[in-house]
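Contents: one structure, followed by commentary.
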Amino acid sequence: MSFKHKYKRVGTFVIDLAIVQMFAMIARDIYLGVLAYASQGSGVSVSFNDTLALPVLLLIIVGVMLITIGVYMGYHWICYRLLGNSFSRYFLRLSVESTNDQPMNQSRYLKREFQKIYLSVATLGLYVLYSGAQFLTHSNPPWHDRKFDTNVIEY
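Be aware that the sequence shown starts at 1, since it is given in full-length UniProt numbering, and climbs by one per residue.
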């Protein structure tokens, strides 16, 4: 696989993540606004010295992470239904096909994308940097590609 294909693959993920981030920021702001409105109306206040501060902060962070994962999966579901691929892969003319005889169906595609975003969000971006560096320097395919036995071809 040429460096051009490798950079296209890494670039498509970054482009998709930037698109999703725009929508996730809107959903995150709505989520945080609802939390602020709910806490303001009930008269509940939490200080950093309070025993509830850590669980509340953890709930907010986990909620934001789940919103990001949900928006990412919704984005890829819509793109797969309309384009048969992600938006950036469609415009960069990258296709996802299986290396064995099984075609890439929606379920398999979404499982692969879920693994990618779950690992990315769960490790706060370190998975993206590590797998991208391994792929570009040593041609080691990322874990989500090895697990679902996928290969990128150009059409």
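Beta carbons are placed, not taken as given, at the ideal position from N, Cα and C, and that holds for glycine.
Per-residue burial, residue i [other beta carbons within 10 Å of its own, 16 or more giving buried]
i            : result
leucine 12   : The displayed chain sequence assigns threonine, not leucine, to residue 12. Threonine 12 should be labelled buried.
arginine 116 : Here residue 116 is lysine; the residue named in the question, arginine, does not match the sequence. So lysine 116 counts as buried.
leucine 58   : exposed
serine 139   : exposed
tyrosine 127 : buried
Residue from the options with nearest C-alpha to residue i
i              : options                       : result
valine 10      : Pro55, Ala133, Lys111         : Ala133
isoleucine 78  : Tyr109, Leu57, Ile61          : Tyr109
serine 86      : Ser2, His138, Lys8            : Lys8
aspartate 16   : Ser120, Asn49, Ser139         : Ser120
serine 107     : Ser139, Tyr130, Met73, Tyr127 : Met73
tryptophan 143 : Tyr31, Ala24, Arg112          : Arg112
Pairwise C-alpha distance: residue j and residue i
i                 : j              : result
arginine 93       : aspartate 29   : 34 angstroms
proline 141       : leucine 52     : 43 angstroms
serine 39         : methionine 104 : 46 angstroms
isoleucine 60     : leucine 35     : 9 angstroms
leucine 83        : glycine 70     : 19 angstroms
phenylalanine 135 : valine 56      : 38 angstroms
tyrosine 155      : serine 2       : Note that tyrosine 155 has pLDDT 43, beneath the 50 cutoff, so the model's placement of it is unreliable and the number below is only indicative. Computed Cα separation, rounded: 15 angstroms.
glycine 33        : methionine 22  : 17 angstroms
threonine 137     : aspartate 145  : 17 angstroms
alanine 122       : alanine 24     : 16 angstroms
serine 98         : isoleucine 26  : Annotation note: pLDDT 48 at serine 98 (below 50); position unreliable, no value reported.
valine 5          : tyrosine 130   : The question names valine, yet the displayed sequence has histidine at residue 5. Approximately 18 angstroms, taken between the alpha carbons.
tyrosine 31       : tyrosine 37    : 10 angstroms
residue 230       : valine 14      : The first residue shown for the chain is 1 and the last is 155, placing residue 230 beyond what the model contains.
Cβ-Cβ distance between residue i and residue j below 9 angstroms
i             : j           : result
isoleucine 19 : tyrosine 75 : yes
Do three or more CB pairs link the region 59 to 67 to the region 79 to 93 at distances below 8 angstroms?
-> With a cut-off of 8 angstroms, the region 79 to 93 and the region 59 to 67 do not count as touching, because too few Cβ pairs lie within range.
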